[in-house]
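Working notes, beginning with the structure itself.
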């Protein structure tokens, strides 16, 4: 009996599962990668997003909600409920680092979660920061039990860290360099505040609205990362320097790693004598630096490394 010609031309569906880590610097590129995968038209694609619940910050929750709203008919969302751990065993008070450990130590719970998926995953892409002995063992077990499943890690891109990628290439699980990614439509902030701005108040001016009022190349951008908290003394010193500089500025202030800023309130944005804006909420740095008013092209960058990857970033900025 002749085969159905339609079935011969049908392309098998690819099922990709993504497991991002906590913190906006990890979550954002993973969701941008997901958007790019969904935009390709080479083969039918089913995408499943697994996120740890609850998130650490409101900014993460808002970004996930926007992504799911944009692709509600193409993405299956599964919440991963890790086991609670004793924070004293983590040797850190950083809530994001604690979340890393919570997810890593609950890696064995991925087995029943992934087993519910149909069709079985063709690829599982996870943040390399989540790699741990339990997760590594689980991945190897998954590869041996299901050889058709490929495992990859969303890590970096070769132009930025060629030496690091060369050092870890050829191992198992395989590491794929991807990026850099540009902002996607789903994550763009609205022009006018609508109450869904990571704690933003709809009656307050938003950062980009304030930028629109400034001359070209006139605003100095000051930020130390999404989770670098300055002491009261440091905040006073930086604020005093900005005030005496005479320049227009946008200053993103973090008083603690997960701020009360994200709970909303009247103090999220504070104008400083019409030439400065102090922000206590998440901002999209790419949009800020891409604005015509940002004074960064062709000018010096003052780096003040605090923690994490700051020293590496400062060295790269110095070389560039």
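In this note's numbering, the protein residues as written are 5 to 324. For glycine and all other residues, C-beta sits at the position ideal for the given N, C-alpha and C.
(message) Using a 10 Å radius around the Cβ and a threshold of 16 neighbouring Cβ atoms, would you call residue 88 buried or exposed?
(response) Counting from 1 along the chain shown, the entry for residue 88 is found at position 84. Exposed.
(request) For residue 252, write down the residues that DSSP places opposite it in a beta bridge. (result) Stepping through the chain shown from its first residue, residue 252 is reached at position 248. Answer is 223, bridged to residue 252.
(request) Only counting runs of 3 or more residues, tell me where the beta strand (DSSP E) segments fall wholly within the stretch 60-89, in order along the chain. (result) Those beta strand (DSSP E) runs which fall completely within the stretch 60-89 and span 3+ residues are 79-84.
(request) Using three-state DSSP, classify residue 23 as helix, strand or coil. (result) As a first step, residue 23 must be located in the chain shown, where it is residue number 19. Of the three classes helix, strand and coil, the one that applies to residue 23 here is strand, per DSSP.
(request) Specify the secondary structure class of residue 234 as computed by DSSP and reduced to three states. (result) Here residue 234 refers to the residue found at position 230 of the chain shown. Look at residue 234 here: in three-state DSSP terms it is coil, with no helix or strand label.
(message) For residue 28 and residue 249, what's the separation of their Cα atoms in angstroms?
(response) The count along the chain shown starts at 1 and reaches residue 28 at position 24. The count along the chain shown starts at 1 and reaches residue 249 at position 245. Each residue's Cα considered, the two are about 31 Å apart.
(message) Buried or exposed for residue 160, going by 16 or more other Cβ atoms inside 10 Å?
(response) Taking the chain shown and counting its residues from 1, the one referred to as residue 160 is at position 156. Around the C-beta of residue 160, 16 or more other C-beta atoms lie within 10 Å, and the residue is accordingly described as buried.
(request) Have a look at residue 133 and residue 23 and give me their C-alpha separation to the nearest angstrom. (result) Taking the chain shown and counting its residues from 1, the one referred to as residue 133 is at position 129. Taking the chain shown and counting its residues from 1, the one referred to as residue 23 is at position 19. Roughly 11 Å separates the two Cα atoms.
(request) Whole angstroms is fine: what's the gap from residue 97's alpha carbon to residue 45's? (result) Locating residue 97 in the chain shown gives position 93, counting from the first residue. Locating residue 45 in the chain shown gives position 41, counting from the first residue. For the pair residue 97 and residue 45, the Cα-to-Cα distance works out to about 44 Å.
(request) Indicate whether residue 286 and residue 74 have their beta-carbon atoms separated by less than 8 Å. (result) Your numbering for residue 286 matches position 282 in the chain shown. Your numbering for residue 74 matches position 70 in the chain shown. No, these two residues do not count as a Cβ contact at 8 Å.
(message) In the DSSP assignment, the alpha helix (DSSP H) including residue 97 goes from what residue to what residue?
(response) Taking the chain shown and counting its residues from 1, one reaches residue 97 at position 93. First-last for residue 97: undefined, no H or E at that position.
(request) Could you tell me whether the Cβ atoms of residue 298 and residue 258 are closer together than 8 Å? (result) Here the question's residue 298 lines up with position 294 in the chain shown. Here the question's residue 258 lines up with position 254 in the chain shown. It is not a contact, given that the beta carbons lie outside the stated cut-off.
(request) Could you spell out the range, first to last residue, of the beta strand (DSSP E) harbouring residue 131? (result) For this step, residue 131 is matched to residue 127 along the chain shown. For residue 131, the uninterrupted beta strand (DSSP E) run begins and ends at 127-131, by DSSP.
(request) Taking residue 292 as the reference, give the member of 322, 59, 223, 243 with the closest Cα. (result) Position 288 of the chain shown holds residue 292. The residue among 322, 59, 223, 243 with its C-alpha nearest the C-alpha of residue 292 is 223.
(message) What would DSSP say about residue 52, mapped onto helix, strand or coil?
(response) Here residue 52 is taken as the residue at index 48 of the chain shown, counted from 1. In the structure shown, residue 52 sits in a strand (DSSP, three-state: E or B).
(message) Given this structure, state the Cα-to-Cα distance separating residue 40 from residue 84, to the nearest angstrom.
(response) Taking the first residue of the chain shown as position 1, residue 40 is located at position 36. Taking the first residue of the chain shown as position 1, residue 84 is located at position 80. Taking the straight line joining both Cα atoms gives about 23 Å.
(message) Quick check: the Cα distance between residue 230 and residue 294, rounded to an integer number of angstroms?
(response) The residue you call residue 230 lines up with position 226 of the chain shown. The residue you call residue 294 lines up with position 290 of the chain shown. The straight-line gap from Cα to Cα measures roughly 18 Å.
(request) Measure the C-alpha to C-alpha separation of residue 236 and residue 120 and round it to an integer number of angstroms. (result) Counting from one through the chain shown, the residue named residue 236 turns up at place 232. Counting from one through the chain shown, the residue named residue 120 turns up at place 116. Annotation: residue 236 to residue 120 spans about 49 Å, alpha carbon to alpha carbon.
(request) Can you give me the Cβ contacts of residue 194 inside the same chain, cut-off strictly under 6 Å, excluding the 5 residues immediately before and after it? (result) As a working mapping, residue 194 is identified with position 190 in the chain shown. Only weak support exists for where residue 194 lies, its pLDDT of 47 falling under 50; the value from the coordinates is given anyway. Listed in chain order, the non-local C-beta contacts of residue 194 below 6 Å within the same chain number zero, local neighbours out to five positions each way being set aside.
(request) Rounded to whole angstroms, what's the CA-CA distance from residue 240 to residue 86? Just pull it up for me. (result) Position 236 of the chain shown, counted from the start, is the residue given in the question as residue 240. Position 82 of the chain shown, counted from the start, is the residue given in the question as residue 86. Rounded to the nearest whole angstrom, the C-alpha separation of residue 240 and residue 86 is 39 Å.
(request) For residue 220, count neighbouring Cβ atoms within 10 angstroms of its own Cβ and tell me buried if that reaches 16, exposed if not. (result) For the purposes of this step, residue 220 is taken as the residue at position 216 of the chain shown. Burial call: exposed.
(request) Identify whether residue 121 lies in helix, strand or coil by the three-state DSSP scheme. (result) The sequence position of residue 121 within the chain shown is 117, counting from 1. Looking at residue 121 - three-state DSSP - the assignment turns out to be coil, as it is neither helix nor strand.
(request) Take the Cβ of residue 164 as the centre, count every other Cβ of all protein chains shown within 10 Å, and call the residue buried at 16 or more, exposed below. (result) By one-based count along the chain shown, residue 164 stands at place 160. Flag for residue 164 reads exposed.
(message) Strictly by DSSP, which residues pair up with residue 298?
(response) Here residue 298 is taken as the residue at index 294 of the chain shown, counted from 1. Residue 298 pairs with 223.
(message) Just list the residues that DSSP pairs residue 18 with in beta bridges.
(response) Working through the chain shown from its first residue, we reach residue 18 at position 14. Answer is 49.
(request) Take residue 125 as the anchor and find which of 43, 47, 32, 52 has the nearest alpha-carbon. (result) Residue numbering aside, residue 125 sits at position 121 when the chain shown is read from its first letter. Residue nearest to residue 125 within the set 43, 47, 32, 52 is 52 (criterion: CA-CA distance).
(request) Evaluate residue 188 with the Cβ neighbour count: other Cβ atoms within 10 Å of its Cβ, from every protein chain shown; 16 or more gives buried, anything less gives exposed. (result) Taking the chain shown and counting its residues from 1, one reaches residue 188 at position 184. Using a 10 angstroms sphere on the CB of residue 188, the tally of other CB atoms reaches 16 or more, which defines it as buried.
(message) Is it buried or exposed, residue 316, if we count other Cβ atoms within 10 angstroms and call 16 or more buried?
(response) Walking along the chain shown from the start, residue 316 turns up at place 312. Taking every protein chain shown into account, the CB of residue 316 has fewer than 16 other CB atoms within 10 angstroms, so this residue is exposed.
(request) Report all residues from its chain with a CB closer than 7 Å to the CB of residue 190; omit the five preceding and five following residues, and keep chain order. (result) For the purposes of this step, residue 190 is identified with residue 186 of the chain shown, where counting begins at 1. Correct list, in chain order: 39, 70, 71, 74.
(message) So, for residue 106: in the same chain, excluding its five sequence neighbours on each side, which residues have a beta-carbon less than 6 Å away from its beta-carbon?
(response) Locating residue 106 in the chain shown gives position 102, where the first residue counts as 1. For residue 106, where only same-chain residues beyond five positions count, the Cβ hits under 6 Å are 86, 89.
(request) Report the rounded CA-to-CA distance for residue 171 versus residue 312, giving the unit in angstroms. (result) Against the chain shown, residue 171 aligns to sequence position 167. Against the chain shown, residue 312 aligns to sequence position 308. Here the alpha carbon of residue 171 sits roughly 20 Å from the alpha carbon of residue 312.
(request) Report the residue from 42, 49, 283, 314 whose alpha carbon sits nearest the alpha carbon of residue 18. (result) Within the chain shown, residue 18 is the residue found at index 14, counting from 1. Residue 18 has its Cα closest to that of 49, out of 42, 49, 283, 314.
(request) Could you please give the first and the last residue of the uninterrupted alpha helix (DSSP H) stretch that includes residue 321? (result) For this step, residue 321 is matched to residue 317 along the chain shown. Note, residue 321: alpha helix (DSSP H), 314-323.
(message) Assuming contact is defined by CB atoms lying nearer than 8 Å, are residue 181 and residue 104 in contact in what I supplied?
(response) As a first step, residue 181 must be located in the chain shown, where it is residue number 177. As a first step, residue 104 must be located in the chain shown, where it is residue number 100. Not in contact: residue 181 and residue 104 (Cβ atoms no closer than 8 Å).
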